[in-house]
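>
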Amino acid sequence: MKFLLPILCLIPISTFAEEWTPPANPDPQTILSEAQADARAKRYEVALAKQVWIHQNALKHNPGFSGVRLSFALHAWHDLAKVYPPALDQLREARDQAAKNVLDGKQLFKSFQEFASINRTLNENSLTVNTFIQLELQDKAAAKKVFLLAEPSLIRGQEYKICGKYLEPKRSYALMLQIRESNQRPAKKPQFGPNILEFTNKKFTNDISTLIALLVVNDRKQEAKEIAVSAKKEWDNDAFHAAIDKALEGNVPTPWP
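Okay, structure coming up:
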């Protein structure tokens, strides 16, 4: 027995790690909750296996899980990475694969969305900017298709002139009004009202002021003024009007949320 202990010490810890396989009818939300519980219990390898499964397979079982997959699930994965370095390696590997898919033209929109979301989670938005610029040089039509996904990172990087190439103010403004109107409907329901209304108002304020400011810094002040006048008529609110006035001075707001 005294010879057994040294031999065991030479065997990688992963050999003894608990293996995990998904159940027959996996529920992504349940598995995400389990992964977070595993991380809290320091079952890191199992937690990572579940996070990777969610990223690779969740949409096959629940297409409506897309938003959670690229927000809450990524944040949970990142939290795991802070205490378990292999999780960070796997997260970056997923990000790098998404970048390769973008430049190879594979599932362009989905791949860029994944790429930008992981970079946002890791606070590595400069990589989103660099890859968008590379894509733009490679295929301008493809870059146009994913511009809205890249726009927050471009703004954070103060790449306002790049944004200016893709501005379609009339179309964008009409879409912002439409989204606000559709979001206001559930806001009338007591169980949702305050939270949805607050989110809708903040989002509308940020989107409108961003569009106006980008037009101003790209020497399209007349278009900016026209949208400003129309937007103020749509919503008579002091804070909203103040944000518009600031945007008319060329102050581009920080992307939100």
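For the sequence shown, the residue numbers in mature numbering (1 follows the signal peptide of the UniProt record, and there is no 0) are -17 to -1, 1 to 240. We put the CB at the ideal spot given by N, CA and C, even for glycine. A quick note: this is a predicted structure, and the numbers were derived from the prediction, not measured.
(1) Using the Cβ count rule (16 or more neighbours within 10 Å means buried), how would you classify Glu134?
(2) Under three-state DSSP, which class holds Ser54?
(3) Drop a sphere of 10 angstroms on the beta-carbon of Ser100, count the other beta-carbons inside from all chains shown, and report buried for 16 or more, exposed for fewer.
(4) Using the three-state DSSP reduction, which class does Tyr149 fall into: helix, strand or coil?
(5) Should Glu76 be listed as close to the ligand MG, given that the test is whether its C-beta is under 7 Å from any heavy atom?
(6) Take the Cβ of Pro69 as the centre, count every other Cβ of all protein chains shown within 10 Å, and call the residue buried at 16 or more, exposed below.
(7) By Cβ distance, which residues of its chain are closer than 7 Å to Gln19, with the 5 residues on each side in sequence left out?
(8) Is the separation between the beta-carbon of Asn178 and that of Pro236 shorter than 8 Å?
(9) For Val235, name the three-state secondary structure that DSSP assigns.
(10) Please state if the CB of Arg52 and the CB of His38 are separated by a distance shorter than 8 Å.
(11) Does DSSP put Ala230 in a helix, a strand or coil?
(12) Please classify Pro46 as buried or exposed, where buried requires at least 16 neighbouring CB atoms within 10 angstroms.
Quick look at the numbers:
(1) Counting from one through the sequence shown, the residue named residue 134 turns up at place 151. Label assigned to Glu134: buried.
(2) Within the sequence shown, numbered from 1, the residue matching residue 54 stands at position 71. In this structure, Ser54 counts as coil in the three-state DSSP scheme.
(3) If you number the sequence shown from 1, residue 100 lands on position 117. Buried.
(4) Numbered from 1 along the sequence shown, position 166 holds the residue referred to as residue 149. Coil.
(5) Ligands displayed in this structure: none; no statement on the ligand MG is therefore possible.
(6) Residue mapping note: residue 69 aligns to position 86 of the sequence shown, counting from 1. Per the 10 Å Cβ criterion, exposed.
(7) One-based indexing of the sequence shown puts residue 19 at position 36. Cβ neighbours of Gln19 beyond the five flanking positions: Ala59.
(8) Taking the sequence shown and counting its residues from 1, one reaches residue 178 at position 195. Taking the sequence shown and counting its residues from 1, one reaches residue 236 at position 253. Result no, Cβ atoms of Asn178 and Pro236 do not sit closer than 8 Å.
(9) Locating residue 235 in the sequence shown gives position 252, where the first residue counts as 1. Three-state result, Val235: coil.
(10) Residue numbering aside, residue 38 sits at position 55 when the sequence shown is read from its first letter. Residue numbering aside, residue 52 sits at position 69 when the sequence shown is read from its first letter. The answer is yes: Cβ separation under 8 Å.
(11) As a position in the sequence shown, residue 230 is number 247, starting the count at 1. Residue state, collapsed to three classes: helix.
(12) In the sequence shown, counting from the first residue as 1, residue 46 sits at position 63. It is exposed - the Cβ of Pro46 has fewer than 16 other Cβ atoms within 10 Å.
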